[in-house]
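In case it helps, this note's numbering puts the sequence shown at residues 3 to 773.
Let me begin by presenting the structure, written as structure tokens, before commenting on it.
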Amino acid sequence: MRSPISLFFIFLFFLFFQQESYSYESKKDSLIDLINISHQKEIASLYHLLSKEEQVPDSIRKYAILALKFAKLEHQTYTMADAYKSIGASFHLSSSYQEALSYYDSALMFFSKEKQSNAIARTYSNKAGIFIKFYSLDSAIFNNEKCKEYAERLEDVDLERIYFSRKANILSLQGNHLQSIEVLKEMIEKYEMNPNSKFIALKDIGINYFNLGNIDSSLYYYQLAEQSGISEYPKNKIILLNNKANAYIFIGDHQNSIKCYLEAIRIADSIDFKYGLTLIKSNLANLYFEWDKFDEAISIYKESLDFLKSKGILRNLATNYVNIGISYNSIHQLDSSIKYLKMAKEACIQTDDQGLLSTVYHNLGRISFSKDQYQESISFYDQALISNQRDNNINTKANIYHDKSLSLAKLKQFAKALVLIDSASIIYNKIENSQQVVDVELSKAIILQQKGSFKQANEQLLVFMDLKDSVFSTEKFKQISELETKYNTAEKEAQIQKQNAQLVENELEINQQKNRALTYGILFTGAVIVLLIISIFLLRIRQKHQLIKSKLEQNSKELEGRLLRSQMNPHFIFNSLNSIQSYITSNDQYHAEMYLSKFAKLMRSILENSRHAFVSMDQDLANLMIYLELEELRFEGIFTSNIDIEENIDIENTYIPPMLIQPYIENAIIHGLVKNTGKKGKLLVKFEVINAQSIKCTIEDNGIGREKAMELKSREMKPYKSLGMQVTKERMEVISEINHVNFDEKIIDLKGEDGVGQGTRVELIIPFEKD
């Protein structure tokens with residue numbers, strides 16, 4: 003226990019520093035002066051007070067360690083416990099969680115000796131917070147329940163509220179978002195909360211709705227959070243803007259997301275909230291990364307490094323190092339990528355962040371693979387698997403298995419490679435990661451081809467194609483079901499509102515009957531007011547219902563566009579497979595490996611692009627070039643191709659619908675050039691700007707022309723049906739409706755002086771977006 007002299011000094015200290023004019027440095031200097039003149043018994047308590055005044059983790063730790071040293075000398079159990087807790091908190095703040103847990107455990111031991119229930123409860127709560135960060139949810143639940151046990155014994159409302167907040171957090175991490183929402187709503191109703199605490203609860207409800215994909219409800223609760231007195235708390239405003247930006251990104255509203263980020267940055271800058279500034283800028287950098295603007299992303303990530311290093315915030319520092327490293331890898335600056343990933347590795351080791359360390363090793367392995375250093379890549383992948391053991395993120399494990407199998411195949415260790423690729427496939431299927439399920443089947447075909455098992459490779463390619471069609475069909479069904487559910491929910495909500503309005507009207511009628519003694523003039527006036535209120539209420543319901551219907555119709559159009567894109571991709575894949583299967587079946591290893599390598603690259607790009615309504619021209623053109631390479635090799639010597647792009651088109655920052663041009667090119671090759679055996683075929687694809695919204699794409703060939711092609715097709719036993727052209731036209735109609743723009747398609751038959759067909763020219767007017 004503290005001595006009376008110690009308590010007297012502490013009382014004098016707090017009395018003295020109630021003056022607001024006293025600066026932090028003045029308080030610190032005065033405390034140090036007190037330490038210099040104090041008896042040894044009081045020194046531990048004063049050092050502990052100094053640690054409480056500090057905000058930087060290293061400084062907190064420095065004074066808490068001194069407090070612990072003097073408390074041990076004087077056998078001051080309570081101060082020792084406090085010092086252990088403060089040291090733990092300093093490690094907690096700097097994301098050194100294992101050290102924090104160790105000191106919290108020591109604090110609990112000494113607090114228990116002193117029977118300090120309140121301190122015990124808060125220490126358990128701190129431990130629960132760390133285990134939540136580790137995703138060690140069983141340990142988090144245990145420590146949170148211990149906090150609740152002491153809170154109920156003490157009848158401490160504040161501790162009970164903290165318990166419920168942690169419980170909601172745990173439920174959310176378990177994926178039980180609806181239960182988390184119920185706990186948070188119950189907490190708001192049960193406890194009198196200050197504006198800040200209410201804000202956090204409402205904000206967390208919004209986050210849960212965001213995780214459920216219910217963006218409208220998410221934004222609604224963010225708005226309620228904003229109305230909870232947030233103007234008094236600029237930091238809360240920053241957090242809210244950040245979350246709203248993430249919600250806008252989810253629905254593709256990048257303009258509003260950037261507005262939110264920039265406003266959050268402005269507020270953080272105005273109050274010199276550097277930590278918040280680093281978090282927002284990191285999210286903004288993530289957005290640039292998603293847009294493949296890697297140079298901009300790197301620049302923004304780097305802006306936060308000096309602050310994070312100076313404050314010892316190692317976990318965020320490590321994350322930024324990783325993101326910079328991955329960004330450098332994306333632009334093929336491998337030395338810079340390795341440099342930052344190794345810096346991330348050191349920070350992860352200091353904080354014992356095994357999950358992030360696994361990501362570091364995994365990316366180092368990928369870099370080694372790209373440099374053809376396959377044995378080194380395997381070593382990194384093994385280290386990544388070891389680091390992943392604690393968190394046991396099974397999706398990460400599957401990704402590492404997938405990549406390691408490709409390295410093993412390059413070293414001709416095919417048996418091990420196939421075992422790992424099958425293990426990855428099992429995990430992807432278990433967690434329903436449909437995109438990776440498709441990707442891993444393609445990789446298996448490549449491994450079988452490298453092994454020389456051409457027949458199995460051919461069969462595996464067919465499995466891949468069937469699976470991809472199946473995945474797209476499942477996704478289409480899921481999207482349609484979700485859309486129908488949302489529409490039905492909206493209809494039910496509107497019906498409930500109408501029923502509520504009717505109840506209001508009925509209740510008002512009952513009240514009117516009870517008050518018949520009133521004069522007719524008052525009744526008449528009251529009736530008019532009531533009818534006016536009901537009319538306004540019903541009008542608002544109708545307006546809201548109309549808005550819901552309008553949104554759903556827009557969603558329906560966007561969904562239709564996504565489904566048409568999903569039809570386009572299997573069609574492209576089928577025709578590309580036809581270009582390479584002959585080499586596999588004829589055991590032509592050189593050409594088969596070359597084709598599969600190009601095909602794999604093409605497939606991964608298509609899988610990524612299929613999620614977007616618009617992609618950059620350079621991405622779309624890269625796919626077209628690979629496709630043309632495959633077709634030129636397949637029809638060796640029959641035709642050549644050339645793509646001509648007007649100089650004033652910035653292909654990196656110009657966005658067009660993906661896979662729109664390929665069917666026209668395919669049509670020109672299959673029906674025009676390949677069947678023209680009399681001369682060398684030529685294909686020209688030309689892009690030029692028409693106006694601020696449209697690009698003209700001209701596809702011209704010197705093939706046999708449409709008339710001759712139709713004549714030949716009519717003789718075929720089973721006429722070819724151009725699904726690609728049909729789907730493309732449907733896509734053009736849908737995109738025109740969504741974006742209020744006009745596509746135009748013009749097909750011109752090229753003929754000689756004798757009237758004989760000499761080719762075809764297709765002119766497409768395509769809308770584009772600028773970054």
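For each residue, glycine too, the CB sits at the ideal point set by N, CA and C.
Everything numeric in this text was worked out from a predicted model, so none of it was measured.
Quiz item: Would a C-beta distance cut-off of 7 Å place Phe689 and Tyr657 closer than the cut-off?
Solution: no
Self-check item: contact_flag[the region 213-227, the region 190-198] where n(CB pairs < 8 Å) is 3 or more
Solution: no
Exercise. Report all residues from its chain with a CB closer than 6 Å to the CB of Leu525; omit the five preceding and five following residues, and keep chain order.
Key: Here the model assigns Leu525 a pLDDT of 49, short of 50, so the residue's position is not dependable and the matter cannot be decided.
Quiz item: By the 10 Å Cβ neighbour count, where 16 or more other Cβ atoms means buried, how is Glu443 classified, buried or exposed?
Solution: buried
Self-check item: Sufficient close CB pairs (3 or more, under 8 Å) joining the region 406-418 to the region 374-387
Solution: Between the region 406-418 and the region 374-387 there are three or more C-beta pairs closer than 8 Å, enough to call the two in contact.
Quiz item: Per the contact definition of three or more C-beta pairs closer than 8 Å, is the region 254-266 in contact with the region 296-306?
Solution: By the C-beta criterion, the region 296-306 is judged not to be in contact with the region 254-266, since fewer than 3 inter-stretch pairs fall below 8 Å.
Exercise. Alpha carbon to alpha carbon, how far is Tyr105 from Gly563? Give it in angstroms, no decimals.
Key: Any reading at Gly563 must be qualified, since the residue scores a pLDDT of 44, below 50, and its modelled position is unreliable; no value is offered.
Self-check item: Separation of Gln451 from Lys753, as counted between CA atoms
Solution: 45 Å
Practice problem: Tell me, please, whether the region 665-673 touches the region 305-313 by the rule of three or more beta-carbon pairs shorter than 8 Å. | Solution: no
Exercise. State the Cα-Cα distance for the pair Arg316 and Glu188, rounded to the nearest angstrom.
Key: The amino acid occupying residue 316 in the given sequence is Leu; Arg does not appear at that position. Rounded to whole angstroms, Leu316 to Glu188 spans 36 Å at the Cα level.
Exercise. Taking Phe252 as the reference, give the member of Glu292, Pro665 and Asp622 with the closest Cα.
Key: Proximity to Phe252 across Glu292, Pro665 and Asp622 peaks at Glu292, based on C-alpha coordinates.
Quiz prompt | 8 Å contact criterion, which Ile369 and Ala602 should meet: CB distance rounded | solution = Taking 8 Å as the upper bound for CB-CB distance, Ile369 and Ala602 are not in contact here, some 19 Å apart.
Quiz prompt | Gly761 (DSSP reduced to helix, strand or coil) | solution = strand
Quiz item: What three-state label does DSSP hand Val58 in the structure shown?
Solution: coil
Exercise. Decide if Asp468 is buried, meaning its Cβ has at least 16 other Cβ atoms within 10 Å, or exposed.
Key: exposed
Exercise. Give a yes or no on whether the C-beta atoms belonging to Pro59 and Ser92 are separated by under 7 Å.
Key: Judged by beta-carbon spacing, Ser92 lies within the 7 Å limit of Pro59, meaning their Cβ atoms are closer than that value.
Quiz prompt | 3-residue-minimum beta strand (DSSP E) runs that sit fully inside the region 663-696, ordered along the chain | solution = 683-691
Quiz item: Looking only at its own chain, which residues have a Cβ that is under 6 Å from the Cβ of Glu56, when we skip the five neighbours before and after it?
Solution: Ile62
Quiz item: So the alpha helix (DSSP H) Ile706 belongs to, where does it begin and stop?
Solution: Counting along the chain, Ile706 falls outside any alpha helix (DSSP H), and DSSP gives it neither H nor E.
Quiz prompt | Cβ pair Ile396, His364 closer than 7 Å | solution = Cβ atoms of Ile396 and His364: not closer than 7 Å.
Self-check item: Closest by C-alpha distance to Asn744, when choosing among Val758, Ile750 and Ile767
Solution: Ile767
Exercise. Let me know the secondary structure DSSP gives Lys117 once reduced to three states.
Key: coil
Exercise. Indicate whether Phe774 and Ala142 have their beta-carbon atoms separated by less than 7 Å.
Key: Any property of residue 774 remains undetermined from this structure, which presents the chain solely from 3 to 773.
Exercise. Could you please give the first and the last residue of the uninterrupted alpha helix (DSSP H) stretch that includes Lys373?
Key: From DSSP, Lys373 is part of no alpha helix (DSSP H); its letter is neither H nor E.
Quiz prompt | Buried or exposed by the 16-neighbour rule on C-beta atoms within 10 Å, applied to Met712 | solution = exposed
Quiz item: Does the Cβ of Ile209 lie closer than 6 Å to at least one heavy atom of the ligand ADP?
Solution: What this structure holds is no ligand at all, so the ligand ADP is not there to describe.
Quiz prompt | Outcome for Val758 when other beta-carbon atoms lying within 10 angstroms are tallied against a minimum of 16 | solution = Under the 10 Å beta carbon count, Val758 is surrounded by fewer than 16 other beta carbons and is classified as exposed.
Practice problem: Give the straight-line distance between the Cα atoms of Glu771 and Gln695, rounded to the nearest whole angstrom. | Solution: Distance between the alpha carbons of Glu771 and Gln695 is about 7 Å.
Quiz prompt | C-alpha gap between Phe275 and Gln415, whole angstroms | solution = Taking the straight line from one Cα to the other gives about 53 Å.
Quiz item: Would you call His94 buried or exposed, if buried means 16 or more other Cβ atoms sit within 10 Å of its Cβ?
Solution: It counts as buried.
Exercise. Could you tell me the distance, in whole angstroms, from the CA atom of Asp206 to the CA atom of Arg124?
Key: Cα to Cα, the separation comes out at about 21 Å.
Practice problem: Return helix, strand or coil for Asn178, following the three-state DSSP convention. | Solution: coil
Quiz item: What number of angstroms, rounded off, separates the C-alpha of Thr642 from the C-alpha of Asn258?
Solution: The straight-line gap from Cα to Cα measures roughly 45 Å.
Quiz item: For Tyr250, which of Asn394, Glu305, Asn171 and Asn285 has the nearest alpha-carbon?
Solution: Asn285
Quiz item: What's the gap between the Cα of Ser53 and the Cα of Ser96?
Solution: 15 Å
Practice problem: Pull up the DSSP beta-bridge partners for Pro769, would you. | Solution: Ser696
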